[in-house]
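Here numbering that gives the first Met the number 0 is used: the sequence shown runs in plain steps of one and ends on residue 374. All residues carry an ideal CB built from backbone N, CA and C; glycine is no exception. One structure below.
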Amino acid sequence: MAMSRRAAIKGAAGVAALAGLAARVGMARADTGAVDTSAKAAGFFVPDEAHPHERTFMQWPVSRTVYGGGRFLARVQDAIADLANTISAFEPVVMLAEAAHHGDLRTRLSNAIDLWDIPTDDLWCRDSGPVFVINGRGGLGVTHLNFNGWGGKQVHREDGQIARRVAERLRLELFDNGLVGEGGGIEQDGDGTLLAHASSWVNPNRNSGTRDEIGDLLCDTFGADRVIWAPGLIGEDITDYHIDALARVIAPGRVLIQLPERVIDGDPWSAAAYETFDVLAMATDARGRSLNITVIPDPINIRVGSPDFVASYANYYVCNGGVICAEFGDPDTDTEVVQALAALYPDREVVALNADMLGRIGGGIHCATQQQPMA
0 MAMSRRAAIK GAAGVAALAG LAARVGMARA DTGAVDTSAK AAGFFVPDEA
50 HPHERTFMQW PVSRTVYGGG RFLARVQDAI ADLANTISAF EPVVMLAEAA
100 HHGDLRTRLS NAIDLWDIPT DDLWCRDSGP VFVINGRGGL GVTHLNFNGW
150 GGKQVHREDG QIARRVAERL RLELFDNGLV GEGGGIEQDG DGTLLAHASS
200 WVNPNRNSGT RDEIGDLLCD TFGADRVIWA PGLIGEDITD YHIDALARVI
250 APGRVLIQLP ERVIDGDPWS AAAYETFDVL AMATDARGRS LNITVIPDPI
300 NIRVGSPDFV ASYANYYVCN GGVICAEFGD PDTDTEVVQA LAALYPDREV
350 VALNADMLGR IGGGIHCATQ QQPMA
């Protein structure tokens, strides 16, 4: 069975192997065919996720290097098919997959889902898929994050090309200022403010420079004015603690964060989560607003007992008319979170899915999706 994205980097041998891979990957930037300017300089920005969508993009996982073969890969694929079919009831979905897999996909997916012949390795479209920008005047583009396998931790021969290939297929400009990272490492309100863990960006496996310098690159990339930085956590999972597993933007000036009841002795995740909460509680956004914070709980009695399981309610996806979230088999907290999301998104239907396979491999629903906003 494949290891989760948390378990895969534990232990000295694993860290040494990944360090060697990162060194081989290096920080060299490939020729992406992008225009020589940033999205912000061209007048574009990434809107908030609740902005109306044209469609959702997803990626079909096929890499036997990552998942091995046989039943485990098939179960991961089943989870992605279930998620895609659920989202397709709310808005159009495009599944990115090499044409050789389309026959099998047609037996698993709703006929409403489009298949594009764009090869993939893994399923994490939030990180390796196209990040779209708009200019508020009908313009649409893609802003490049130069995905490098979370700092050289995983093979990404095809996934590293997805953003460029989607931009080419849609005949959109691809903006690239050299920033390296992943969409799951950032939350944006579409009104000038970004939330991020420094661990995912101010990290030599992705970017060189100071936090302020990398913050400027992020603002250029996402068309924003300010980054609210929390420390995060380096080296405990493949993402270096993506913010979208913990804290989410609901709307300008409003955020959600998932917290355990207290900081747990010896648990770096709970300590880092409370550090992020403290930062958000003291922060003001790009427009000078203090943040209105909604706290949701960690689940306690869940179906999966692995210490590497990612039980993130915060990793939900907002689509047209819907919010797709995870349920983990804890009836009390599952119900509490669904009710909280329904109150936060009163004009949308909240659908809770068993996303245990995604949690087993170190991610969640939001990680597996990427929206194309309406221009």
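Taking just the CA atoms, how far does residue j sit from residue i?
i	j	result
Val24	Thr334	Annotation note: pLDDT 33 at Val24 (below 50); position unreliable, coordinate value reported separately. Taking the straight line from one Cα to the other gives about 44 angstroms.
Ser289	Leu279	9 angstroms
Tyr66	Trp59	13 angstroms
Thr106	Asp120	20 angstroms
Met356	Met373	31 angstroms
Tyr312	Thr36	36 angstroms
Ala22	Gly151	Here Ala22 scores only 34 on pLDDT, less than 50, and its place in the model is too uncertain to base an answer on.
His155	Ala367	15 angstroms
Asp236	Pro330	28 angstroms
Ala354	Ile295	18 angstroms
Asp103	Gly222	39 angstroms
Val130	Arg54	13 angstroms
Gly234	Gly183	16 angstroms
Leu194	Gly252	12 angstroms
Glu125	Thr238	Note that residue 125 corresponds to Arg in the displayed sequence, not to Glu. Taking the straight line from one Cα to the other gives about 12 angstroms.
Met26	Gly159	Interpretation of Met26 is limited by its pLDDT of 39, a score under 50 that renders its predicted location unreliable; no figure is taken from the coordinates.
Val248	Gly69	38 angstroms
Ile360	Asp77	14 angstroms
Ala29	Asp211	With a pLDDT of only 48 at Ala29, under 50, the local geometry of the prediction cannot be trusted, and the value read off the model is given with reservation. Distance between the alpha carbons of Ala29 and Asp211: 24 angstroms.
Leu20	Gln187	Unreliable placement is indicated for Leu20, whose pLDDT of 36 sits below 50; the coordinate value is still reported in the next sentence. Distance between the alpha carbons of Leu20 and Gln187: 31 angstroms.
Gly138	His50	15 angstroms
Ser109	Val349	20 angstroms
Ile112	His196	34 angstroms
Ala88	Leu216	37 angstroms
Arg170	Pro118	18 angstroms
Gln369	Ala162	11 angstroms
Glu260	Ser269	9 angstroms
Ala250	Asn145	27 angstroms
Ile86	Gly304	28 angstroms
Ala41	Ala73	43 angstroms
Val254	Ile213	23 angstroms
Ala11	Pro203	In this predicted model, Ala11 has a pLDDT of only 35, less than 50, meaning its place in the structure is not dependable enough to derive any value.
Ala325	Ala244	12 angstroms
Val336	Trp200	29 angstroms
Going by the beta-carbon positions, is the gap between residue i and residue j smaller than 8 angstroms?
i	j	result
Trp376	Leu95	Residue coverage of the chain in this structure runs from 0 to 374, which leaves residue 376 outside it and unanswerable.
Thr209	Ala38	no
Asn319	Glu90	yes
Val285	Asp224	A quick correction: the sequence has Ala, not Val, at residue 285. Contact flag set, yes.
His52	Gln371	yes
Val165	Val132	no
Val92	Ala83	yes
Ala271	Pro306	no
Ile263	Thr275	no
Trp149	Glu181	yes
Gly128	Phe56	yes
His101	Val61	no
Leu232	Ser207	no
Below 8 angstroms on the Cβ atoms is my contact criterion, and I expect residue i with residue j to pass it. Report the Cβ-Cβ distance as a whole number of Å.
i	j	result
Gly358	Val309	5 angstroms
Tyr315	Ile242	That pair is no contact at about 14 angstroms.
Arg347	Gly328	That belief does not hold up - the Cβ atoms of Arg347 and Gly328 are roughly 24 angstroms apart, past 8 angstroms.
Arg63	Gly362	Contact doesn't hold; Cβ gap of about 19 angstroms is too wide.
Ile299	Thr332	6 angstroms
Phe43	Gly189	In fact, because the Cβ distance is near 12 angstroms, the residues do not count as touching under 8 angstroms.
Tyr240	Leu258	Not quite, the Cβ-Cβ distance comes to about 14 angstroms (not below 8 angstroms), so this is no contact.
Asp81	Leu340	Going by Cβ atoms, the distance from Asp81 to Leu340 rounds to 19 angstroms, so no, they are not a contact pair.
Which residues does DSSP list as the beta-bridge partners of residue i?
i	result
Asp47	Answer by DSSP bridge pairing: none, since Asp47 is not bridged.
Pro296	Leu258
Val92	Thr55
Trp228	Ala195
Tyr316	Ile323
Asn375	Outside the shown range of the chain, which is 0 to 374, sits residue 375, and nothing can be said about it.
Glu348	Gly321
Val130	Thr142
Ile185	Ala195
Leu173	Val141
From what residue to what residue does the alpha helix (DSSP H) around residue i run?
i	result
Asn84	70-86
Ala341	330-343
Thr142	Where Thr142 is concerned, there is no enclosing alpha helix (DSSP H), although the beta strand (DSSP E) it sits in stretches over 139-142.
Asp116	Element bounds for Asp116: not the alpha helix (DSSP H) but the beta strand (DSSP E), 113-116.
Glu274	267-281
Arg286	Note, Arg286: premise wrong, no alpha helix (DSSP H); not H, not E.
Arg302	It is not in any alpha helix (DSSP H) - Arg302 carries neither H nor E in the DSSP assignment.
Gly42	No alpha helix (DSSP H) contains Gly42, which DSSP labels as neither H nor E.
Provide the residue span of the beta strand (DSSP E) that contains residue i, from first to last.
i	result
Cys218	Per DSSP, Cys218 belongs to no beta strand (DSSP E); it is in the alpha helix (DSSP H), 210-221.
Cys366	Neither: Cys366 is in no beta strand (DSSP E) and is coded neither H nor E.
Ala383	Outside the modelled stretch of the chain, which goes from 0 to 374, sits residue 383, for which no answer is possible.
Leu357	Run containing Leu357: none in the beta strand (DSSP E); it sits in the alpha helix (DSSP H), 355-359.
Glu437	The requested residue 437 does not occur in the structure, where the chain is confined to residues 0 to 374.
Ile161	Here Ile161 belongs to no beta strand (DSSP E); instead the alpha helix (DSSP H) covers 161-169.
Does the beta carbon of residue i sit closer than 8 angstroms to a beta carbon anywhere in chain D?
i	result
Leu343	Of the chains in the structure shown, none is chain D; there is only one protein chain.
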